[in-house]
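Chemist: Structure in structure tokens, see below.
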Amino acid sequence: MAPPIAAYLAVFFALTTAVYAAASSSGYHNHTVGGASGWLFNSTTSTAATNYSSWASTQTFNLGDFLIFKTNTNQTVVQTYNETSYLSCNADDFDNGTFVYDSGSSNFSQALTISVPLTVVGRNYFFSDAADGLQCRRGLAFEINVNRGQGLPPSLNQPPPPPYIEPPGPDAAEQSPPSTVTLAPTGGASPLRVNALVAVCGFAAEILILLR
């Protein structure tokens, strides 16, 4: 029987925590998004907790840094390199450059910390697509420019893991073709949201292979 999705998520968050902790101790920086205000949205007043564009303008971002989103399960974190997706506040028409981070939990208002590594130089866009994009349109969004700085640390500068190859069967001629390891969504989670969690740290997928 395959391990439950909670086990996969636990592995992902443990790996991410270890990577950003190592980065912060070697000259890279962790940026807490929004400072003390966190990454939050007030649904009663329909306003973001702070001006995130103003916050971003006071920071210098480099490869290997982490953005730390102090949030809860009422918000999501969408990272994209696609300006069109950012301006539309919509992650539905995603591509390989758009990732959605969340806990996979269907419970509201649970405290959550999401750590996102900066691995691409240039414009990076972030927003929450919760409430059909309303949170984004009301200010839960910002863009940054990522500099090269020291370059990526070894922990983030890894090639993507190879696809999982099924072991040879009794008849090698009938062996099925290679298949990429993916997680089956549960609880209504979309494949994008689940697989994006794995995409952040390529080596996390290798751990998932071992858990099969």
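Take any residue in the sequence shown, note its place counting from 1, add 1, and you have its number in our numbering.
Idealized CB from N, CA, C, for every residue including glycine.
1. Could you tell me if Phe-127 is buried or exposed, where buried requires 16 or more neighbouring beta carbons within 10 angstroms of its beta carbon?
2. If you follow the alpha helix (DSSP H) that Thr-99 is in, where does it begin and where does it stop?
3. Could you please give me the residues that DSSP links to Tyr-87 through a beta bridge?
4. Starting from Leu-68, trace the beta strand (DSSP E) in both directions and tell me its first and last residue.
5. Using a Cβ-Cβ cut-off of 8 Å (strictly less than) and excluding sequence neighbours within five positions of Thr-48, which residues of its own chain qualify?
6. Report the rounded CA-to-CA distance for Phe-1 versus Thr-59, giving the unit in angstroms.
7. When the distance is taken between beta carbons, is Tyr-53 closer than 8 Å to Pro-154?
8. With H, G and I counted as helix, E and B as strand and the rest as coil, what does DSSP make of Tyr-53?
9. Using the Cα positions of Glu-167 and Thr-46, report the straight-line distance between them to the nearest angstrom.
10. When we look at the beta-carbon of Val-121 and count the other beta-carbons within 10 Å, is it buried (16 or more) or exposed?
11. Which residues mark the beginning and the end of the beta strand (DSSP E) in which Arg-124 is found?
12. Give the DSSP-derived three-state secondary structure of Ser-47 in the structure shown.
13. In three-state DSSP terms, what is Ser-38?
14. From Leu-113 to Asn-75, what does the alpha carbon distance come to, in whole angstroms?
15. Is Val-78 closer than 8 Å to Ala-92 when the C-beta atoms are compared?
16. For Ile-115, which residues in the same chain have their Cβ closer than 7 Å to its Cβ, ignoring the five residues on either side in sequence?
17. Using a 10 Å radius around the Cβ and a threshold of 16 neighbouring Cβ atoms, would you call Ser-104 buried or exposed?
Modeler: Based on what the coordinates show:
1. Position 126 of the sequence shown holds residue 127. Counting the other Cβ atoms within 10 Å of the Cβ of Phe-127 gives 16 or more, which makes it buried.
2. Counting from 1 along the sequence shown, the entry for residue 99 is found at position 98. Here Thr-99 belongs to no alpha helix (DSSP H); instead the beta strand (DSSP E) covers 99-102.
3. Counting from 1 along the sequence shown, the entry for residue 87 is found at position 86. The beta-bridge partner set that DSSP reports for Tyr-87 is empty.
4. Reading the sequence shown from its first residue, position 67 is the one you call residue 68. Leu-68 -> beta strand (DSSP E) spans 67-73.
5. Residue numbering aside, residue 48 sits at position 47 when the sequence shown is read from its first letter. Around Thr-48: Phe-42, Arg-139 and Gly-140.
6. Residue coverage of the chain in this structure runs from 2 to 213, which leaves residue 1 outside it and unanswerable.
7. Locating residue 154 in the sequence shown gives position 153, where the first residue counts as 1. Locating residue 53 in the sequence shown gives position 52, where the first residue counts as 1. In this structure, Tyr-53 does not lie closer than 8 Å to Pro-154 by Cβ.
8. The residue given as residue 53 occupies position 52 in the sequence shown. Looking at Tyr-53 - three-state DSSP - the assignment turns out to be helix.
9. On the sequence shown, position 166 is the one that residue 167 refers to. On the sequence shown, position 45 is the one that residue 46 refers to. Interpretation of Glu-167 is limited by its pLDDT of 44, a score under 50 that renders its predicted location unreliable; the figure taken from the coordinates is listed afterwards. Linking Glu-167 to Thr-46 through their CA atoms gives a straight-line distance of about 53 Å.
10. Indexing the sequence shown from 1 puts residue 121 at position 120. Under this definition Val-121 is an exposed residue.
11. Translated into positions along the sequence shown, residue 124 becomes position 123. In the DSSP assignment, Arg-124 falls within the unbroken beta strand (DSSP E) covering 123-128.
12. Residue 47 sits at position 46 when you count from the first residue of the sequence shown. Here Ser-47 sits in coil by DSSP.
13. Within the sequence shown, residue 38 is the residue found at index 37, counting from 1. The answer is helix: DSSP assigns Ser-38 an H, G or I state.
14. For the purposes of this step, residue 113 is taken as the residue at position 112 of the sequence shown. For the purposes of this step, residue 75 is taken as the residue at position 74 of the sequence shown. For Leu-113 and Asn-75, the distance between alpha carbons rounds to 10 Å.
15. Residue 92 sits at position 91 when you count from the first residue of the sequence shown. Residue 78 sits at position 77 when you count from the first residue of the sequence shown. Against a cut-off of 8 Å, the Cβ pair of Val-78 and Ala-92 comes out as no contact.
16. Counting from one through the sequence shown, the residue named residue 115 turns up at place 114. Leaving aside the five residues that flank Ile-115 on each side, the residues in its chain whose CB is nearer than 7 Å to its CB run, in chain order, Phe-70, Thr-72, Val-78 and Tyr-102.
17. As a working mapping, residue 104 is identified with position 103 in the sequence shown. Buried.
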